[in-house]
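Here the structure is laid out as C-alpha cells; the discussion comes afterwards.
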Amino acid sequence: MSDTNAETIYDVVIIGGGPAGSTAGIYTARANLSTLILDKGLTTGALGTTSKIANFPGIAGEISGAELLRTIRMQAESFGAKYINDKAIGTDLSANPKLVFGNFGVYSARAVIIATGSLGRSNLIKGEAELLGRGVSYCAVCDAAFFKQAVVAVAGKSDEAVEEALYLSRFASKVYLFSPAPELSAPAELIAELRANPKVELIAGATLREIYGKEHVEGVRFARRGSETEQDLPVKGVFIYLQGGVPITDFLQGQLETSPGGCLIVDREFQTKIPGVFAVGDVLCQHIKQAVIAASDGATAGIAVEKYLRGRSKMGVDWK
Ligand SMILES: Cc1cc2nc3c(=O)[nH]c(=O)nc-3n(C[C@H](O)[C@H](O)[C@H](O)COP(=O)(O)OP(=O)(O)OC[C@H]3O[C@@H](n4cnc5c(N)ncnc54)[C@H](O)[C@@H]3O)c2cc1C
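Letter by letter, the sequence shown follows residues 1359 to 1678 in the numbering used here.
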C-alpha cells in the first residue's frame, strides 16, 4: 500500500481512479509513460457508488458502477498503470518534480492529473468544525494512535469508511460505524471482515446529528432513519467519511484556480494554469455528469500529458 520512496519519479501521478482518472491512465500507460493512480476507495466516487449503470458504451445490459470501474481499472493495469489505495491529503504542484502527499507516502511525478470527482461535502455536522483536531478527524492513519483503548465513532458507508473503521479497531476499545444508508456500499469481503470484527459495531441507517463536548469530543447524537428520536452515545473520537456534492479539491489548498462553485478551471486540453497539471471529470463540474463524458475527458488529458512530457507540438495518438 505504501510508496514512501519519493525517489521514484513517475511520469504522471493521477489522483482519483474513477472513470476520468482511470481512462487517463489507460492512455498514459499505453503511451509508455510510467503511471501511478492514487485512489482512496473503489466505492468512494460517483461511479463506484452507483448501483446500476446501463448506458456505458460497449457494456450491454446492467452492471454495477463498481464492477464497471473494476473493469476499467484492469484495462489500465494491463497497459502498466499502477494503482495505490491511498488518499491525497496535500500537493506541491510548483515543485520539480511535482509532489503529492498521501496518508501512506509521498509521490513524485513530472505531470499530475486531478480526477477526484465531485462527491465532496459542503455541510458540516453540528459541532464538527468546533471540535476538529480535538477528537474530530478525517484520517484514521494519522490519528488512530491517539485513541488507544477509547470508544470512537466512524461516519460513512463507503469502503473508505469500512477500511478506516477496521484500522481504528487495532487501537480503540470499541468502534461504532454509523452508516447513513441501510446498506454499506463496500465490497462484500470488506463487509464480511467488518462483521467478523468483535470490536466494531455497525449502526446502519443512522445519521449523526451532532458531535458534542466542551474541550474535546465527549459524544455523538444520532437519529435512525425515519425517526426523529435522537440518541446520545459517549465517544472520544469521531472519524468522518461522508459524501456530498461539491468538487473534491480541499487537498490542493488553493494551489489551483477554481470557479466560484469550487470547480477546477482548465483549457481545452484539460491543463490548469500550472504547466503539467491537468484536471478531468466531475471535479470540473461539467455541464452533464456521465461516466462516458468523464472517460472522454480522461482520454483527452492522457494524450495532452504525452504531448506535454514529450514536447510534441500537436495532440495525437500514434500507437495502434
Ligand atoms: C447516484 C449516481 C448515479 C449515476 N448514474 C450514472 C449512470 O447511470 N450513467 C452515467 O454515465 N453516469 C452516472 N452517474 C455519473 C457518473 O458516475 C459520474 O459522472 C462519473 O463517475 C464521474 O467520474 P469521475 O472519475 O470524474 O469521478 P468519480 O467517479 O467520483 O471518481 C473519483 C475518484 O476519485 C477518488 N478520490 C476522491 N478524492 C480523493 C483523494 N483525495 N485521494 C485519492 N482519491 C480520491 C474517489 O475514491 C473516486 O474513485 C451517476 C452518478 C451518481 C452519483
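For each residue, glycine too, the CB sits at the ideal point set by N, CA and C.
(1) Can you tell me whether residue 1635 sits near ligand 1, meaning its C-beta is under 7 angstroms from at least one heavy atom of the ligand?
(2) Would you identify the three-state DSSP class for residue 1525, choosing helix, strand or coil?
(3) Taking only the alpha-carbon atoms, compute the straight-line gap between residue 1624 and residue 1639 and give it to the nearest angstrom.
(4) Does ligand 1 have a heavy atom nearer than 7 angstroms to the CB of residue 1650?
(5) Can you list, in chain order, the stretches of the beta strand (DSSP E) that have 3 or more residues and sit fully within the segment 1402-1446?
(6) Please give me, in chain order, every unbroken run of the beta strand (DSSP E) with length at least 3 that falls completely inside the segment 1458-1532.
(7) Just to confirm, is the Cβ distance from residue 1399 to residue 1476 under 8 angstroms?
(8) Since residue 1578 and residue 1568 should fall inside the 8 angstroms C-beta cutoff, what is the C-beta to C-beta distance between them, to a whole number of angstroms?
(9) I'd like the span of the beta strand (DSSP E) that includes residue 1393, first residue to last.
(10) Does DSSP put residue 1579 in a helix, in a strand, or in coil?
(11) Check whether the Cβ atoms of residue 1472 and residue 1622 lie closer than 8 angstroms to each other.
(12) Identify, in the order they occur along the chain, each residue of the same chain with its Cβ nearer than 6 angstroms to the Cβ of residue 1642, setting aside the five sequence neighbours on each side.
(13) Kindly indicate the opening and closing residues of the beta strand (DSSP E) around residue 1593.
(14) Are the CB atoms of residue 1396 and residue 1458 nearer to each other than 8 angstroms?
(15) Determine whether the beta carbon atoms of residue 1600 and residue 1513 lie at a separation below 8 angstroms.
(16) How would you label residue 1359, buried or exposed, when you count the other beta carbons within 10 angstroms and need 16 or more for buried?
(17) When you measure from the CB of residue 1641 to every non-hydrogen atom of ligand 1, does any distance come out below 7 angstroms?
(18) DSSP three-state call for residue 1642: helix, strand or coil?
(19) Which residue from 1464, 1633, 1427 puts its Cα closest to that of residue 1375?
(20) Out of 1582, 1572, 1520, state which residue places its alpha-carbon closest to the alpha-carbon of residue 1538.
(21) Quick check on DSSP: helix, strand or coil for residue 1647?
(22) Kindly give me the distance between the Cβ atoms of residue 1566 and residue 1430, rounded to whole angstroms, as I take these residues to be in contact under 8 angstroms.
(23) Of all the options 1443, 1492, 1530, which has the alpha carbon lying nearest to the alpha carbon of residue 1572?
Checking against the coordinates, here is how it stands:
(1) It does not: the Cβ of residue 1635 is nowhere closer than 7 angstroms to a heavy atom of ligand 1.
(2) helix
(3) 11 angstroms
(4) yes
(5) 1440-1443
(6) 1464-1472, 1509-1513
(7) No, the Cβ-Cβ distance between residue 1399 and residue 1476 is not below 8 angstroms.
(8) That belief holds up - the Cβ atoms of residue 1578 and residue 1568 are roughly 7 angstroms apart, short of 8 angstroms.
(9) 1393-1397
(10) strand
(11) yes
(12) Within its own chain, the residues whose Cβ lies closer than 6 angstroms to the Cβ of residue 1642, once the five positions on either side in sequence are excluded, are 1621, 1622, listed in chain order.
(13) For residue 1593, no beta strand (DSSP E) encloses it, and the DSSP letter there is neither H nor E.
(14) yes
(15) yes
(16) Low confidence applies here, because residue 1359 scores a pLDDT of 42, under 50, leaving its location unreliable and the question unanswered by this model.
(17) For residue 1641, the shortest C-beta to heavy atom distance toward ligand 1 is below 7 angstroms.
(18) helix
(19) 1427
(20) Relative to residue 1538, the option among 1582, 1572, 1520 whose CA is nearest is 1582.
(21) Judged by DSSP in its simplified three-state form, residue 1647 adopts coil rather than helix or strand.
(22) Incorrect: roughly 33 angstroms between the Cβ atoms, too far for contact.
(23) 1492
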